[in-house]
Amino acid sequence: MKIKKIVVANRGEIALRIMRTAKKMGIQTVAVYSEADKDAPHVHFADQAVCIGPAASSESYLKGNTIIEVAKNLGADAIHPGYGFLSENADFAEQVAKNNLIFIGPKAHAIEVMGNKLASKESLEGRDIPMIPGTKDAIDNPEKAIQIANEIGYPVLIKAAAGGGGRGMRVVNKESEIKEQMDRAINEAVSAFGDGSVFIEKFVESPRHIEVQILADTHGNIVHLFERECSIQRRHQKVVEEAPSVVVNDELRNRMGKAAVEVARACDYVGAGTVEFLLDSDKKFYFLEMNTRLQVEHPITEMITDLDLVEEQIRIAQGEALSFTQEDLKINGHAIELRVYAEDPYDNFNPSIGTLSRYEIPIGKGIRVDDGVVEGSKIPIYYDPMVSKLIVHAPSRTEAITKMLAAIANYKIEGIQTTLSFGDFVCRHKAFVSGDFNTHFVDQYFDEDTRERIQEEEAAIAAKIALGLHLEAKTKLRIPKNE
Amino acid sequence: MSKTYKAVANDHISVALDISDAIVSRVKVDGSLVGLHNENKVEASLLASDFDSRTYSIRLRGNIYTIKLQNKLDQQIEEMGLSLGNKSTASMVDAPMPGLVLSVLVKEGDAVEEGDGLLVLEAMKMENKLVAPRSGVIKSVHVTANQTVEKGFVLIEFEEEDEN
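Protein chains in written order, with this note's numbering: chain F, 5 to 487; chain D, 245 to 408.
Written out as structure tokens, the structure reads:
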């Protein structure tokens, strides 16, 4: 069945990004938006737009039934959930299907199994997929959890069973911290997901976070689109991603790709999905979780494969078979993505909320900016603080890093602090440049002393520029004597 | 060798400069500029400038530095220790980011040790426990649970420290 009209159940850059592909394919688009987003670019870009409630996402972007009503009222045939919000909500996927609409994503069953870390591990038992030592059952009793943590040995990781994207995860380094951390993890899980159960596992030290993109159609074809290296994280959330990874060779890529395809097969996966792995310093990899949606960082895969993943998602949702096989896929060059968050890296990545008093994107060959803001946009506190994604693509990794630095220099954002400065730090850092880094990059290298030193160095350069400008102005203006 | 000029970046980083340190650059219409620093190319942007107050706002590597070049009088005042605006902030705990107060863990009159939890602030889906910057007695609490606060909002005040 050919899709003619899609409701995009999301906001910001991803809503726009989905609509662009839909438009390219001749498909009509419907935006939904909260009162806080009434002037947002995604609202103006869509062919139709419907306000679905107040700013709080629980009153708007998470209102599945309202969004389904919108789709029915406007004669849409499909709903694309983007990432976040309803994208991994199995009930929503099921309701969409029950209302004779197409959910652009996997079946509810796959979301449900993979959305619960314990269920996902169970579903993979007996398959050739490496796992990290940890609890098999969900635990909501702090005493028992502490006992298990002591058995596994520290450091341990506490994860909300219903969590994801780094939310509800805590590392505990020693027994004396376990009680407080456990209470807090359970509280956070209850308030964020309404489910206080957690599981505990061995914390793999110095791991790299490597994930594999897969595509599965309804005809039983599953391919992997190679890996993405996502080790540069703060608070367990990714900031810089690249594809391919410098440490993954063809042999390892092949094995990880096969494991990812196996995971997808285990849950009858359909659509675009991502299988996340931890890779330890001995290059052993462990299954972490599967994200049953389009990932934030999907563009780097698009850059190195020349595929449009949203287009592939839509084609799969229409029942089409994949138009290529695993053998057809080749890695073309190197891509890096920087997530531009409204945060101040030099103030512990604290949110920096405000209005974009100036907003100009860098333009050039191999530079892509996925954004959902314009000059004058406010960054609302209600949602994820991501402003945009800056993506570069070049023939080699070295050239990609150079291109990223130039793009950062030409990305003009004023009014808020952003992670652009952190991206600059990463791309200049010798650990990143050499490829020898892991998920502790921020803790290891972006510590307070380093931040202070960098700010002092940069302040000195800026002061020298200012002095140069001032002296020049003084000469030009011929101010008699002001000092 | 003492430097001739002094500059202050973002009100807290001080830089000593000589005339010979000046980086010569040409500013384009959009504010972008290129100069040489220790023989390396430096790309930056001039965001704002005020000749009279000797203030220049420059974006470098994604960070913004507001540079105030001090004149001799400013420097003399500072050297004599007459600079104003030196009020102590150690008796106040303010919000490091905008957010929602989830719970307040102390009340007026409580004695706390450095590092004790004061309140839990939720921002951007994260729970953040704010802790006491020093030991002391809570003088006043300006927030209650479920209150939204802006960055910099004074949450809790401490009694002044005893002189001893």
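C-beta atoms are modelled at their ideal positions from N, C-alpha and C, and glycine is treated no differently.
Bear in mind that the values here come from a model prediction, so they are computed numbers and not experimental data.
Which residues in the same chain as residue i place their Cβ atom closer than 7 Å to its Cβ, once the five residues preceding and following it in sequence are excluded?
i              : result
E404 (chain D) : S335
Y87 (chain F)  : I18, R297, L298, Q299 and V300
G361 (chain D) : L349, K373 and V375
S127 (chain F) : V117, A270 and C271
V175 (chain F) : P159, L161 and F207
Among the residues of its own chain, which have a CB less than 6 Å from the CB of residue i, if the five just before and after it don't count?
i              : result
I412 (chain F) : L424, G427 and D428
Q299 (chain F) : T278
T388 (chain D) : none
D497 (chain F) : The requested residue 497 (chain F) is not part of the displayed model; chain F covers only 5 to 487.
D51 (chain F)  : Q32 and T33
V251 (chain F) : none
G325 (chain D) : Only weak support is given to the placement of G325 (chain D): the predicted model assigns it a pLDDT of 47, under 50, and the value that follows is read from those uncertain coordinates. Here the set comprises nothing.
Have a look at residue i and residue j and give me their C-alpha separation to the nearest angstrom.
i              : j              : result
L229 (chain F) : A398 (chain F) : 18 Å
N336 (chain F) : D221 (chain F) : 23 Å
V377 (chain F) : A44 (chain F)  : 7 Å
Y449 (chain F) : N307 (chain D) : 18 Å
L90 (chain F)  : V100 (chain F) : 11 Å
D453 (chain F) : E401 (chain D) : 28 Å
A292 (chain D) : S301 (chain D) : 5 Å
I395 (chain F) : V273 (chain D) : 26 Å
G226 (chain D) : K373 (chain D) : The displayed coordinates of chain D run from 245 to 408. Any statement about residue 226 (chain D) would go beyond what the structure contains.
V74 (chain F)  : E315 (chain F) : 23 Å
V259 (chain D) : A253 (chain D) : 8 Å
I405 (chain F) : L399 (chain D) : 43 Å
A466 (chain F) : D338 (chain D) : 29 Å
L333 (chain F) : G358 (chain F) : 43 Å
V243 (chain F) : G353 (chain D) : 43 Å
V373 (chain F) : H281 (chain D) : 30 Å
E403 (chain F) : I308 (chain F) : 14 Å
D296 (chain D) : E347 (chain F) : 32 Å
K247 (chain D) : E476 (chain F) : 19 Å
N315 (chain D) : Y249 (chain D) : 8 Å
S64 (chain F)  : P58 (chain F)  : 6 Å
H46 (chain F)  : L346 (chain D) : 32 Å
E181 (chain F) : I152 (chain F) : 14 Å
I267 (chain D) : I365 (chain F) : 26 Å
I311 (chain D) : R21 (chain F)  : 39 Å
A123 (chain F) : E394 (chain D) : 41 Å
R232 (chain F) : A247 (chain F) : 5 Å
Going along chain D in order, which residues have a C-beta closer than 9 Å to the C-beta of residue i?
i              : result
E460 (chain F) : A253, I257 and V259
K42 (chain F)  : Within 9 Å Cβ-Cβ: nothing; K42 (chain F) doesn't reach chain D, min ~21 Å.
K407 (chain F) : Going along chain D, no residue has its Cβ under 9 Å from K407 (chain F), so there is no contact; the nearest lies around 14 Å.
T422 (chain F) : G306
R24 (chain F)  : Near R24 (chain F) there are no residues of chain D at all, since even the closest Cβ is about 26 Å away, more than 9 Å.
Pull up the DSSP beta-bridge partners for residue i, would you.
i              : result
L356 (chain D) : Here the sequence assigns Val to residue 356 (chain D), which means Leu is not the residue at that position. D:G380, per the DSSP bridge assignment.
C55 (chain F)  : F:Y37
F289 (chain F) : F:L283
Q217 (chain F) : F:T278
Q314 (chain D) : D:K250
M336 (chain D) : D:E401
H240 (chain F) : According to DSSP, which records beta bridges pairwise, H240 (chain F) is partnered with nothing at all.
Q421 (chain F) : According to DSSP, Q421 (chain F) bridges with nothing at all.
A82 (chain F)  : F:I10 and F:I106
I331 (chain F) : Note on identity: in this sequence residue 331 (chain F) is Glu, with Ile being the wrong assignment. DSSP, once it has assigned bridges, lists no residue as partnering E331 (chain F).
For a contact meaning CB atoms closer than 7 Å, what does residue i contact in chain F?
i              : result
S293 (chain D) : L473
What residues from chain D crowd round residue i, counting only those whose CB sits closer than 8 Å?
i              : result
Y350 (chain F) : N307
E418 (chain F) : L291, R303 and I308
So which residues on chain D does residue i lean against when the C-beta distance must stay under 7 Å?
i              : result
E192 (chain F) : E371
A470 (chain F) : A251, Y300, I302, I311 and L313
I357 (chain F) : P342
S425 (chain F) : R305, G306 and N307
D428 (chain F) : R305 and G306
I385 (chain F) : P342
Residue i versus chain F: which residues are under 8 Å apart at the beta carbon?
i              : result
H281 (chain D) : I465 and K468
V286 (chain D) : I465 and I469
I267 (chain D) : I465, K468, I469, L471 and G472
So which residues of chain F does residue i contact, with C-beta pairs closer than 9 Å?
i              : result
P340 (chain D) : D351, N352 and N354
Residues in its own chain within less than 8 Å of residue i by CB, not counting five upstream and five downstream?
i              : result
T299 (chain D) : A292, S293, T310, I311, K312 and L313
Q237 (chain F) : G170, H213, V243, T443, F445 and V446
Can you find a C-beta in chain C that's less than 7 Å from the C-beta of residue i?
i              : result
A413 (chain F) : As a matter of chain content, chain C is missing from the structure shown, whose protein chains are F and D.
(request) Determine contact between the stretch 134–154 of chain F and the stretch 293–303 of chain F, defined as no fewer than three beta-carbon pairs at a distance below 8 Å. (result) For the pair of segments examined, the stretch 134–154 of chain F was found not to touch the stretch 293–303 of chain F: the number of CB pairs separated by less than 8 Å stays below three.
(message) Pairs of beta-carbons, one from the stretch 105–123 of chain F and one from the stretch 272–290 of chain F, closer than 8 Å: are there three or more?
(response) They touch, by the three-pair rule.
(request) Spell out a yes or no on whether the stretch 6–23 of chain F and the stretch 286–295 of chain F are touching, meaning 3 or more CB-CB pairs, one atom from each, closer than 8 Å. (result) Touching, no, given that fewer than three Cβ pairs across the two stretches are closer than 8 Å.
(message) Count Cβ pairs between the stretch 256–271 of chain F and the stretch 193–206 of chain F that sit closer than 8 Å; are there 3 or more?
(response) The stretch 256–271 of chain F vs the stretch 193–206 of chain F: no contact.
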